[in-house]
Every structure is written in C-alpha cells, then in structure tokens.
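A.B. asks: Quick note on numbering: numbering that gives the first Met the number 0 labels position 135 of the sequence shown as 134, and the sequence is numbered without any gaps.
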Amino acid sequence: MFVQEGFDRTTVRMLAQEMGIKSGSLFHHFRDKQEILAAVIEEGTQNALTLARQALEECDDSAEARLHAMARAHLQTLLTDRNAHVVALYEWRRLDPEARDHLIHLRDAYEELWERVIDEALNDGLIHGDRFLVSRFVMGALNWTVRWYDPDGPRKPEDLAHELIAMITPSAVPARAESTKV
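#1: Could you work out which residue in D149, L121, S134 is closest to P169 when comparing CA atoms only?
#2: Taking the Cβ atom as the reference point for each residue, do A98 and A72 lie within a distance shorter than 8 Å?
#3: Here's the rule: buried if 16 or more other CB atoms are within 10 angstroms of the residue's CB, otherwise exposed. What is M0?
#4: What would DSSP say about K21, mapped onto helix, strand or coil?
#5: Which of the three DSSP states is assigned to M0 in this structure?
#6: State the CB to CB distance for the pair G43 and H84, rounded to an integer number of angstroms; the pair is presumed to be in contact (CB under 8 Å).
#7: Is the stretch 64-81 touching the stretch 159-169, taking contact as three or more C-beta pairs under 8 Å?
#8: When we look at the beta-carbon of F6 and count the other beta-carbons within 10 Å, is it buried (16 or more) or exposed?
#9: S134: which of A38, Y148, I167, L105 sits nearest, CA to CA?
#10: Could you check if R115 is buried or exposed, using at least 16 other CB atoms within 10 Å of its CB as the buried criterion?
#11: So, with DSSP's three-state summary, where would you put T76?
#12: Could you tell me the alpha carbon to alpha carbon distance between I20 and K155, rounded to whole angstroms?
#13: Which residue comes first and which comes last in the alpha helix (DSSP H) that contains I164?
#14: Express the C-alpha separation of S24 and T144 in angstroms, rounding to a whole number.
#15: Assuming L36 and L94 are in contact, meaning their beta carbons sit under 8 Å apart, how far apart are those beta carbons, in whole angstroms?
#16: Just reading off the alpha helix (DSSP H) that Y148 is part of, what are its end residues?
#17: Quick one: residues in its chain with C-beta nearer than 7 Å to the C-beta of D123, no 5 flanking neighbours on either side, listed in chain order?
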C-alpha cells in the first residue's frame, strides 16, 4: 500500500483491509503507521545488507568481482523484494526522527560496503572518478531499475549487473544483447 498509494495517503484501515484483518488488530503489533513504515524499511535494508555481505564472501577478491557481486546483490534484492526497497527509497523522508535514528546505522552499513568496494576498484585503477560521485551514480542507476525493469523480460539481474560493470569499467566485457526489451 505504501508503494501504491504513498505513505501519506495510506491509512491504517487500508493496510488492515489489504491484510484481511481489522484495523485495530494492527495495533497489537505496531504502535502506529510510522512504526509499520519503519518495520518495512528495516526488514528490506536488513535483507539487502545480508545479501550483499553473502555476495562479497562468495566472490573472489578481485576488485572487479567484488564490484560485480555488489551490483548483482543489489539488483537481486531490489527486484525480488521490490516493495520494501521502493518504500525505503521513496518514503525514507517520511520517517520520524526516532525511526530514522534507529535505522540510519543499517543504511550507513550498506553504503559502507559499497564505498569499500568502490575504493578497491578506484585503487586498482579499474574505475576512475570521485568516490562520492561514482557511488551516487552507481546507486542511482541501480535503484532506478525498479521503475523500468521487467522481471518477466529476457534479462535477469545478473545480466543487468554485468552491463553496469561493463559501462563503468573499460576492461569488463558487456553481456550479449539478445533483445532491446528489458
């Protein structure tokens, strides 16, 4: 409902109706709508962090492999747990200060993983540029895929990750383009 209607337009009654329960039942689990928003963002961010850490543990130590692993993990989590990430991306600003303070460590931990991988790629000469800008451009490109990517199309998250790395690294080989449909 937060994805479809936005946080501000979603009521507790709408959430309860969507779940097939009475609106008062939600308050046995959550204090208010703000706490529901924080729970959605926390779960999505925690899942993204876990998947990214696993991806880094499973890949070899080369900067290119680690960059690819992070891009693939980000896309997998973004596209398989789409709603939680769309909510985090678009509704973070709606969190009250208490919830934001509670969740900022997860966001920072995730961004720190990216910064380390980008630093490695910069230090190895795999990519060039300002770390801040590179990380923002990469994350922006990855995050925007929720708006245009068709999970039923011919390209999988692995293909998208490979294409992104090919675009930002001159030595990477682009994935074979079989279709213009994404």
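C-beta: ideal position from N, C-alpha, C; glycine also.
C.D. replies: With the given structure in hand:
#1: Its Cα nearest to that of P169, the residue L121 stands out among D149, L121, S134.
#2: Contact: no.
#3: M0 should be labelled buried.
#4: In this structure, K21 counts as coil in the three-state DSSP scheme.
#5: In the structure shown, M0 falls within a coil segment according to DSSP collapsed to helix, strand and coil.
#6: Right, their Cβ atoms sit about 5 Å apart.
#7: The stretch 64-81, when compared against the stretch 159-169, does touch it at the 8 Å Cβ threshold.
#8: Counting Cβ neighbours within 10 Å, F6 comes out buried, since at least 16 surround it.
#9: Minimum Cα distance to S134 is reached at I167.
#10: It counts as exposed.
#11: Taken through DSSP and simplified to helix, strand or coil, T76 comes out as helix.
#12: Approximately 36 Å, taken between the alpha carbons.
#13: Its alpha helix (DSSP H) spans residues 156-167.
#14: If you take the alpha carbons of T144 and S24, they lie about 35 Å apart.
#15: Indeed, because the Cβ distance is near 6 Å, the residues count as touching under 8 Å.
#16: Unbroken run through Y148: none, as it is neither H nor E.
#17: Non-local C-beta neighbours of D123 in its own chain, meaning closer than 7 Å and more than five positions away in sequence, comprise A62, ordered along the chain.
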